[in-house]
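Take a look at the structure set out below.
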Amino acid sequence: MTQHRLPLMVTIFLFLIIPFVAPLSFNFTNFSPDNPDIQYERAYAANNVIQLTTNLASIGRASYAKPLQLWDRASGKLTNFTTQFSFTIDSQNRSAYGDGIAFFLAPVGSRIPEGITKGGSLGLTRDDQPLNSTDNPFVAVEFDIYQNLWDPEHDHVGIDINSMRSVDNVTWLSSVLDGKQNHAWISYDSSLRNLSVVFTGFMGNSSVRQGLSHIVDLRDHLPEWVIFGFSSATGNASAVQSIQSWSFSSTLEIGEKTSKGNTGLVVGLAVGGGVLVCGLCGLVVFVYWKKRRENEDDPEFDEIMDEELERGTGPRKFSYAELARATSKFSQEEKLGEGGFGGVYRGFLRELNSYVAVKRISRGSKQGIKEFASEVRTISRLRHRNLVQLIGWCHEKRELLLVYEFMENGSLDSHLFKGKSMLTWAARYKIAQDLASALLYLHEEWEQCVVHRDIKSSNVLLDSNFNAKLGDFGLARLVDHEKGSQTTVLAGTMGYMAPECVITGRASKESDVFSFGVVAVEIACGRKPINHKAQESEINMVEWVWNLYGFGKLTEAADPKLCGDFNEQEMERLMIVGLWCAHPHSRSRPSNRQVIQTLNFEASVPILPSEMPVATYLAPSMNKSSLQPSNDGTSFGSSQIQSLNFTFNTDSSQLTESSAASSSTSSLLKTA
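Read in order, the letters of the sequence shown are residues 1 to 672 in full-length UniProt numbering.
Following this line, the structure appears as structure tokens:
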């Protein structure tokens, strides 16, 4: 009995002395008519889903039965909340469809306004108050599939405040005709007053993630207590609109609840509980030590991590349980992608009230452990708007994990090559400028020179506003500014690697600039560096573009998906800068500062040779057996090195082009 009382007394003691937290959370994976936690108004539960609308001129609302304390009048503090739901809008093969679904917050007692005959309000406002709902205040995120007079000319997701004219909106790649299931994640960060939504769309058969956010102080628009849920409507055009699952979580700190009436109890418990806490702490330390002994199967790595993090600041250590909970136990549904050292998962950390990307290093990978330590040490000390921020890390239960800021629009390559979205020219040019800014910081502006060694489009990540940030520092190396290069085992990704890296193993600022040049040309052309299915003269992207440059036909290489909608001066400038950076001779490449000045039209573009130069290098003393795989699994064996169309000339101790590749347009990139 005593063993049960001790933890209970300590729990009461801790409850009384810490700030009171009023949480509200639930998770519905399906819905039944008997569920008392959901209140229906003209909507109903059937076949395990909430049916909001079913036909023409239909309205439906479903809300959680208990109200939410949105803010505290005494302290003025706002709640943080996040909600996730899956839903379907199915036009049932009708080309005319409407109107959409909204997730809403409204005053307690709010009901569907009377006299609604149109679907444009989504059941939120009266017909005569669509743009100024004074009688029915609300804040909502709408998934709108019908274009009213106040709407943009496309299906869209918008944030609405007392009006059906969204204060902010973004085009939604909806799947109404196919009736596919969609997912949405809505969160409110009270410290930043940021209401954000991440949602899925579709391009062909591929699911894509889109995002939108807006700064709003909810206290200015809604009372202290609110109801929340879903509202939907149809007018002359219809669709079957339903909710398949719904989870919600909120936390509001509203100060200490300790009062004079229980001060004596607190003091008494503090004295007696202090002894108990000490005893329990000893027990906890013992259990922790024992478990650590059981899990500590790689003490060598811990020593490496301690050494690597001695000078690091900023990132915090997370527990495995925290990250497993955040990623739904690393479920496939949350998986964002797979790299050479493991998978990347989306997660939501309640403590930070934000989404994160969790990189899970593959078990048993010794190279992965080394790269993990390097990545933590390097990026933990870097601070720049165009670098992906490292939030934390974890080494527990034989698991190695890195926690990064979540980049809503994924990687650049998913937009250029995988149809995730159509990047406008303005967005592309800005992405190139952002990447150049990141490299300038790494190479020249930080205390040491950071050579990234793996710059490629899949390592360029895009936030909700399509700002570009460079990520994946697993292969990065620190060198002195004066030295500027380092000889290492071969590492990187073929197609993006500078010729001197392949031949000598020497990575440098110039080799990073080469990789940037390849990405710059990719952005302009919308093509991968190497395409073996293309015509022979177009297999190597850089060679092909350089040939067009020689013939004065550079814009013929522009991405055809742009349909000519681009600034021709910028297009030519970006391609020329890309070729300049991808020059086979490292000394002929520009500095990062020259790149930025040229892209900003602060300097003239260079005049390049009309034919792509031929690379010439001193013969290295390289052991082919030392060649290492890149972090995306690309291996470099001796047969690949032999296929580079270069041979050693023992008389001159130089590496010259073989007769099999005598064309002036041949280059090392041909085998990428």
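We put the beta carbon where it would ideally sit given N, CA and C, even for glycine.
Pairwise C-alpha distance: residue j and residue i
i           : j           : result
residue 531 : residue 525 : 13 Å
residue 513 : residue 404 : 25 Å
residue 14  : residue 25  : The predicted position of residue 14 is uncertain, since its pLDDT is 44 and thus under 50; a value taken from the coordinates is nonetheless stated next. Distance between the alpha carbons of residue 14 and residue 25: 22 Å.
residue 511 : residue 591 : 11 Å
residue 133 : residue 126 : 8 Å
residue 261 : residue 136 : Per-residue confidence for residue 261 stands at a pLDDT of 42, beneath the threshold of 50, marking its modelled position as unreliable; the derived number appears in the next sentence. Near 42 Å, if we compare the C-alpha coordinates of residue 136 and residue 261.
residue 390 : residue 32  : 42 Å
residue 53  : residue 380 : 50 Å
residue 324 : residue 330 : 6 Å
residue 544 : residue 611 : 10 Å
residue 38  : residue 206 : 33 Å
residue 154 : residue 198 : 18 Å
residue 165 : residue 361 : 45 Å
residue 349 : residue 185 : 13 Å
residue 94  : residue 183 : 22 Å
residue 654 : residue 614 : Only weak support is given to the placement of residue 654: the predicted model assigns it a pLDDT of 30, under 50, and the question is left unresolved by the model.
residue 509 : residue 107 : 58 Å
residue 396 : residue 479 : 31 Å
residue 599 : residue 581 : 12 Å
residue 168 : residue 131 : 14 Å
Within 8 Å, strictly: CB atoms of residue i and residue j
i           : j           : result
residue 249 : residue 29  : no
residue 187 : residue 353 : yes
residue 321 : residue 336 : no
residue 85  : residue 246 : yes
residue 138 : residue 87  : no
residue 200 : residue 193 : no
residue 440 : residue 470 : no
residue 112 : residue 41  : yes
residue 409 : residue 464 : yes
residue 176 : residue 58  : no
residue 446 : residue 402 : no
residue 411 : residue 475 : no
residue 431 : residue 503 : no
residue 158 : residue 234 : no
Proximity winner among the options, relative to residue i (alpha-carbon distances)
i           : options            : result
residue 241 : 209, 172, 44, 124  : 44
residue 495 : 542, 568, 193, 439 : 542
residue 56  : 232, 38, 236       : 236
residue 575 : 561, 548, 92, 587  : 548
residue 140 : 146, 123, 155      : 123
residue 62  : 170, 609, 227      : 227
residue 60  : 162, 232, 464, 443 : 232
residue 429 : 175, 601, 223      : 601
residue 211 : 454, 69, 406       : 406
residue 492 : 462, 93, 458, 466  : 458
residue 173 : 96, 588, 422       : 422
residue 222 : 229, 449, 162      : 162
residue 147 : 129, 121, 538, 167 : 121
Residue range of the unbroken alpha helix (DSSP H) whose run includes residue i
i           : result
residue 428 : 425-440
residue 413 : 412-416
residue 37  : No alpha helix (DSSP H) contains residue 37, which DSSP labels as neither H nor E.
residue 112 : First-last for residue 112: undefined, no H or E at that position.
residue 323 : 320-326
residue 598 : 592-599
residue 359 : Taken as a continuous stretch (DSSP letters only), residue 359 belongs to no alpha helix (DSSP H), being part of the beta strand (DSSP E) at 354-361.
residue 549 : 541-550
residue 514 : 509-525
residue 752 : There is no way to answer for residue 752, as the model of the chain reaches only from 1 to 672.
Segment limits, beta strand (DSSP E) that includes residue i
i           : result
residue 107 : 100-107
residue 203 : 194-203
residue 504 : Residue 504 -> not in any beta strand (DSSP E); alpha helix (DSSP H) instead, spanning 499-504.
residue 91  : From DSSP, residue 91 is part of no beta strand (DSSP E); its letter is neither H nor E.
residue 615 : Segment: none, residue 615 is in no beta strand (DSSP E) and carries neither H nor E.
Same chain, Cβ closer than 6 Å to residue i, neighbours up to 5 away in sequence not counted
i           : result
residue 578 : 517, 520, 521
residue 637 : Bear in mind that the predicted position of residue 637 carries a pLDDT of just 32, short of 50, making it too unreliable to give a figure here.
residue 78  : 71, 190
residue 603 : 597
residue 345 : 327, 330, 334, 335, 358
residue 343 : 335, 360
Short CB-CB distance (under 8 Å) between residue i and chain B
i          : result
residue 36 : The structure shown contains no chain B; it holds only a single protein chain.
Same chain only: Cβ atoms within 7 Å of residue i, ignoring 5 sequence neighbours per side
i           : result
residue 566 : 425, 558
residue 244 : 49, 86, 87, 88, 181
Neighbourhood of residue i by C-beta distance below 8 Å, restricted to the same chain and skipping five residues each side
i           : result
residue 332 : none
residue 386 : 434, 435, 437, 438, 441, 467, 468, 469, 470
residue 570 : 425, 429
Proximity test, residue i beta-carbon vs the ligand HEM heavy atom, cut-off 7 Å
i           : result
residue 433 : This structure lacks the ligand HEM, and indeed carries no ligand of any kind.
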